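Shown next, in structure tokens, is the structure this report addresses.
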Amino acid sequence: MANALSSLGVKPGETVLTMLDNNIDAVTTWLAINKLCAVSVPINTALKGEFLRHQIADTGTSVVICEAAYLARITPLAEQLHDVHHILHRGTPEQIPECSIRIAPLDEFRGSDATPLATKPQPSDLACLIYTSGTTGPSKGCMISYNFMCNLARLQLRAGPAGPDDVTITPLPLFHMNALCVSIIASILVGARAAILPRFSVSNFWQEVERSGATIASILGGMGGLLAQAPDNDAMLRCVGQIHTARGNPYTEETKKIWRERFGTKLVGGNGYGLTEACVITSLAAGEYAAPGSSGKRIPDFDVRIVDDLDQEVPPGTPGEIVVRPLRPDIMFQGYWRRPEDTQKLMRNMWFHSGDIGRFDDDGFFYFVDRKKDYLRRRGENISSFEMEAAFAVHPALAEVAVHAVPSDKGEDDVKVTAILHEGATLQPEELFHWATDSVPYYALPRYIEFRTSLPKNPQGRVLKYQLRDEGKTPGTWDLETTNITVSKK
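According to the UniProt record's numbering, the sequence shown is numbered sequentially starting from 1.
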């Protein structure tokens with residue numbers, strides 16, 4: 001596969017963008033790209049419209065590899081760009097769009113040329129770009145080295161050991177670091193196996209555990225809660241005690257108890273804090289005591305501090321911004337792709353500024369407090385309020401839009417759109433929701449919509465989103481979950 005990509009003109013250091021579902025091709029393509037010393041760019045399969053166009057354009061990629069089902073989304077956008085020369089599709093499309101770009105089946109480029117490549121990736125080389133949500137601009141590509149990815153896998157093995165007899169099962173998408181590093185690379189490091197599910201399903205989870213012989217579950221805490229609430233089934237009863245470790249955050253104490261007592265799982269959840277730019281910076285080794293509500297302690301790889309607005313360290317118990325710097329080479333991101341100014345803004349006074357608020361207690365335990373940035377996190381996905389507002393702003397009936405979080409009773413955030421209508425315009429929340437399904441990824445679609453006559457602002461005219469967040473669901477708020485609308489993941 002690496003030789004086939006080379007035949008298309010891909011050179012070391014160049015990007016290859018992939019938009020693939022969870023399958024073996026997503027894994028082999030990623031490894032082939034890196035074998036060539038090229039840069040893998042796995043992107044979210046739910047992207048569409050401007051969200052998708054921006055990431056294709058920003059990478060400057062000449063080759064896109066995607067599922068056949070995504071051709072209709074990708075092709076018209078890629079044709080607007082000058083860099084894309086080849087689109088390879090996995091599977092058979094219903095129709096191949098007319099396009100000046102070469103479109104061909106991936107099967108034609110799997111390659112039979114086994115000639116060894118002369119390329120030899122180094123630990124510090126750029127391995128992949130992972131796009132993270134922005135609040136003051138479009139999503140940015142985090143430049144991730146090989147050593148960063150391997151270090152994240154090693155940290156996971158510290159928190160939850162695995163051996164060659166283990167099988168890690170995960171439904172998490174292969175366009176995120178979790179599945180790539182925590183499930184696949186960690187398994188490779190110890191000679192274990194990984195079972196990659198196409199998606200998460202409560203009803204089929206235990207059947208897949210039984211079929212694969214899984215001993216470790218790598219899921220999100222919310223998934224763990226759904227499984228804990230589900231009724232017994234025959235496969236689950238046969239698998240009691242088979243899963244010895246359930247990774248992921250956040251698990252409630254009640255959910256942890258259910259996993260231990262009902263499923264026979266010894267190690268449930270994790271106690272750690274991390275971000276795309278800096279890996280995991282607080283954690284605990286397996287079996288270490290965790291103070292209730294904490295996210296572990298500083299790990300030896302990083303210097304982590306809590307500072308005020310002047311970058312002065314604050315005493316234990318005092319909330320402040322989380323800043324970090326590495327104590328070993330190549331274990332943090334290398335900056336934002338093609339955005340040195342954005343990188344420099346966050347690397348002030350020799351520290352990376354996370355934009356998040358936290359605190360340490362007197363015993364060194366870390367507690368996440370809140371997000372200083374205006375991004376949201378829903379069902380494991382980071383959502384850019386900036387990009388969301390840009391998507392909604394083009395609606396002709398909307399004069400002003402604020403996209404913000406509302407705390408969810410399921411953990412993480414729910415998305416709310418608070419908007420002002422143009423004078424004389426008429427629009428129902430349900431109409432706006434249906435309109436958004438054509439331009440907004442399914443995971444970012446708002447649960448709540450509210451129309452107002454004004455938005456709270458500071459003297460500089462900036463919307464006070466913390467105030468909107470605190471107000472949450474008001475009597476005038478439309479709630480998706482009280483309707484019969486079904487959201488498609490396509």
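Yeah, the Cβ is synthetic: ideal placement off N, Cα and C, and Gly gets one too.
Everything numeric in this text was worked out from a predicted model, so none of it was measured.
Around the CB of residue 174, 16 or more other CB atoms lie within 10 Å, so the residue is classed as buried. Residue environment analysis places residue 382 among the buried positions, since at least 16 neighbouring C-beta atoms fall within 10 angstroms of its C-beta. By the neighbour-count criterion, in which 16 or more other beta carbons inside 10 Å mark a residue as buried, residue 483 falls on the exposed side.
The Cβ neighbour count for residue 62, taken over all protein chains shown within 10 Å, is at least 16; the residue is labelled buried.
For residue 170, the beta-bridge partners assigned by DSSP are 196. The DSSP-derived three-state label of residue 154 is helix. Annotation for residue 218: no alpha helix (DSSP H) segment contains it, though the beta strand (DSSP E) segment containing it runs 216-218. With contacts defined as CB atoms closer than 8 Å, residue 50 and residue 405 fail to qualify as a contacting pair. The Cβ atoms of residue 15 and residue 65 do not sit closer than 8 Å to each other. Residues 168, 183, 184 and 187 of the same chain have their beta carbon placed closer than 6 Å to that of residue 194, with the five preceding and five following residues left out of the count. Residue state for residue 120 is assigned as coil, using DSSP reduced to three classes.
Per the Cβ contact rule, the segment 322-331 is not in contact with the segment 232-252 (fewer than 3 Cβ pairs under 8 Å). The beta carbon of residue 159 sits closer than 7 Å to the beta carbons of 270, 272, 283, 284, 285 and 286 from its chain, once the five residues preceding and following it are set aside; these are given in chain order.
Taking C-beta atoms as the reference points, residue 9 and residue 59 fail to come closer than 8 Å. Remark: C-beta atoms of residue 20 and residue 94 do not approach each other more closely than 8 Å.
Setting aside the 5 residues that flank it on each side, residue 238 is surrounded in the same chain by 210, each with a C-beta closer than 7 Å to its C-beta; the list follows chain order. About 21 Å separates the Cβ atoms of residue 329 and residue 40, ruling out a contact at the 8 Å cut-off. In the structure shown, residue 429 adopts helical secondary structure according to DSSP, grouped into three states. When 462, 418, 461 and 442 are compared, the shortest CA-CA separation from residue 477 is found for 418.
DSSP places residue 388 inside the alpha helix (DSSP H), whose first and last residues are 385-393.
Residue pairing from DSSP places residue 382 in a beta bridge opposite 377. In this structure, the straight-line span from the alpha carbon of residue 22 to that of residue 423 is close to 47 Å. Looking at the DSSP output, residue 414 shares a beta bridge with 406. Taking 8 Å as the upper bound for CB-CB distance, residue 320 and residue 306 are in contact here, some 4 Å apart.
The C-alpha of residue 448 lies about 17 Å from the C-alpha of residue 488. Judged by DSSP in its simplified three-state form, residue 73 adopts helix. Under the DSSP assignment, residue 187 falls in the alpha helix (DSSP H) whose first and last residues are 186-190.
Counting only runs that start and end inside the segment 272-330, the beta strand (DSSP E) elements of at least 3 residues fall at 273-275, 279-283, 302-307 and 320-326. At the C-beta level, residue 333 and residue 143 come within 8 Å of one another.
Under the three-state reduction of DSSP, residue 205 is assigned to helix. Listed as beta-bridge partners of residue 18 by DSSP are 42 and 65. Beta-bridge partners of residue 351 (DSSP): 348.
Under the three-state reduction of DSSP output, residue 473 falls in the coil class, being neither helix nor strand. Here residue 359 is not near residue 426, since their CB atoms are 8 Å or more apart. Excluding residues up to 5 positions away in sequence, 97 lie with their Cβ nearer than 7 Å to the Cβ of residue 72 in the same chain. For residue 55, the CB contacts under 7 Å within the same chain, skipping 5 residues up- and downstream, are 43, 47, 131 and 139 in chain order.
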